[in-house]
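Remarks on the structure that follows.
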DNA sequence: TTATCGTTATGACTTTTTGGCATAACGATA
DNA sequence: TATCGTTATGCCAAAAAGTCATAACGATAA
C-alpha cells in the first residue's frame, strides 16, 4: 500500500501543466529535440506533440521553438517563457511529495502494519 | 489559472482510494444506501458499485455491508474497517490542499499576474 | 398468500479518452 | 540533388468511463 500525490495547473477547467509535462519540457531542454525527449520519458512523439500543442493553446504562450528540417534534421528548444514557467512550477512542487509521504507513514504506519490488521 | 492537487492510495500499482471514493463512503454512511449516495455525489449507481467492488477486492477488506430487498428495499452500511480506514484517510488528506494552495499563491502570485505578463 | 417498493447486482452497449502507427514535409549539408 | 533526423498530422485501435435495461431480493402491507 502506497500513497500517491499529484499537482497540476488548470486553465478554464482544463489541465495545462503537471509532472509529466514538466518532465517533457526538461527533457526537451536537455536534448534539443521533442523526439529524443519523448523517448527519454517513454511516451510517443505523437503524445508529446499533443501535450505541447495543448499547453501552448491553453496558456496562450509559446513554449517550444521548433524547426523541421535543417541541421541535424531540425530540433526544438524552450522559450524564455517556458523556462520561467518551469522554474516556478518546480519551486511549487518541491517538497510537497515529501510532506505527503511523511504524513502517510505517520498515519498508516511505516510498514503498513494496519493492512495486515484488517 | 488554478492549482489542483490529488492524493490517492494504491495497492500493487492499482488505485484503491482517493477523494471520490472518500465522498462515496461518507455518503453511504449518511444515507444507508449506495443508490442514494451515488445520487448525492452525482455518479451512476453502476459506477459506485464498481468502485466499491474494486476497493474491496484490492484491499481484501469488506467495506460495505449490503442487503438487497427487505425493509425499505434494502440498504448498505459501512463496516467497522471502512470507518477506520476512512478516518485515517481523512486525517492524512487534511490540510494538504491548504499547503498547496498557499504555496501556489506565493509562487505564481495571488492574482495570477504572471499570466498577463507573458 | 401475494403484490409492492426501493434496494442491490450485473450484463451489454455507447461514448469518450488515450495511445500508437503511418506518412508527409522540412531544410542544412555533403 | 540525395540524405538524414527532425517536426507535423491524419487516421485507426484500444482502453476507460459512462449509460441503459433488467433481474433478484425480502420485509411489509393488503
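Residue numbers (our numbering), protein chains in the order written: chain B, 1 to 118; chain G, 119 to 236. A virtual CB, placed ideally from N, CA and C, is assigned to each residue, including glycine.
Exercise for review: Report the partner residues of residue 196 of chain G according to the DSSP bridge assignment.
Suggested key: Residue 196 of chain G is bridged to G:182.
Check your understanding: Using a C-beta to C-beta distance shorter than 9 Å, which residues of chain G count as neighbours of residue 7 of chain B?
Key -> What residue 7 of chain B touches in chain G: 121, 122, 123, 124, 218, 222.
Point to revise | Whole-Å CB distance - residue 28 of chain B paired with residue 64 of chain B, under 8 Å assumed | key: Right, their Cβ atoms sit about 6 Å apart.
Review point. Under the three-state reduction of DSSP, which class applies to residue 217 of chain G: helix, strand or coil?
Key: If DSSP states are grouped into helix, strand and coil, residue 217 of chain G belongs with the helices.
Point to revise | Three-pair Cβ contact test at 8 Å for the segment 36 to 45 of chain B versus the segment 17 to 27 of chain B | key: Touching, yes, given that three or more Cβ pairs across the two stretches are closer than 8 Å.
**Study point:** Proximity to residue 52 of chain B [Cα-Cα], best of B:70, B:90, B:79, B:2
**Key:** Per the Cα distances, B:79.
Practice item. Pull out every residue of the segment 9 to 33 of chain B whose Cβ sits closer than 7 Å to any Cβ of chain G, in chain order. Key: If the cut-off is 7 Å between Cβ atoms, the segment 9 to 33 of chain B has 9, 10, 11 near chain G.
Check your understanding: Taking Cβ-Cβ distances below 8 Å as the criterion, which residues of the segment 43 to 70 of chain B are in contact with chain G?
Key -> Answer set for the segment 43 to 70 of chain B: 59, 60, 61.
Review point. Would the beta-carbon of residue 121 of chain G fall within 9 Å of that of residue 55 of chain B?
Key: Cβ atoms of residue 121 of chain G and residue 55 of chain B: not closer than 9 Å.
Exercise for review: Scan the segment 204 to 217 of chain G for residues whose Cβ lies nearer than 8 Å to a Cβ of chain B and list them as they occur along the chain.
Suggested key: The segment 204 to 217 of chain G vs chain B, Cβ under 8 Å: 206, 209, 210, 214, 217.
Exercise for review: Compare the C-beta of residue 107 of chain B against all C-beta atoms of chain G and say whether one is closer than 9 Å.
Suggested key: For residue 107 of chain B, the answer is yes, since a Cβ of chain G falls inside 9 Å of its Cβ.
Exercise for review: Please state if the CB of residue 66 of chain B and the CB of residue 34 of chain B are separated by a distance shorter than 9 Å.
Suggested key: Against a cut-off of 9 Å, the Cβ pair of residue 66 of chain B and residue 34 of chain B comes out as a contact.
**Study point:** Rounded C-alpha distance that separates residue 138 of chain G from residue 187 of chain G
**Key:** Approximately 27 Å, taken between the alpha carbons.
Review point. What are the boundary residues of the alpha helix (DSSP H) that includes residue 18 of chain B?
Key: Looking at the DSSP string, residue 18 of chain B is not in any alpha helix (DSSP H); the run it does join, the beta strand (DSSP E), is 14 to 18.
Check your understanding: Ordered along the chain, which non-local residues of its own chain (more than five positions away) have a Cβ less than 7 Å from that of residue 200 of chain G?
Key -> If we look at residue 200 of chain G and ignore the five residues flanking it on each side, its Cβ neighbours are 143, 181, 182.
Point to revise | Option nearest residue 237 of chain G by Cα separation, candidates G:175, G:119, G:223, G:221 | key: Past the boundaries of the shown model lies residue 237 of chain G; chain G is included only from 119 to 236, so the question cannot be answered.
Check your understanding: With burial defined as no fewer than 16 other Cβ atoms inside 10 Å of the residue's Cβ, what is the status of residue 168 of chain G: buried or exposed?
Key -> Residue 168 of chain G should be labelled exposed.
Review point. Bridge partners of residue 125 of chain G, per DSSP?
Key: In DSSP, residue 125 of chain G forms a bridge with B:5.
Exercise for review: Would you mind working out which of B:109, B:22, B:12 sits nearest residue 84 of chain B, comparing C-alpha positions?
Suggested key: Answer by Cα proximity: B:22.
Check your understanding: Taking the C-alpha atoms as reference points, what is the distance between residue 149 of chain G and residue 191 of chain G?
Key -> When only Cα atoms are considered, residue 149 of chain G and residue 191 of chain G end up about 13 Å apart.
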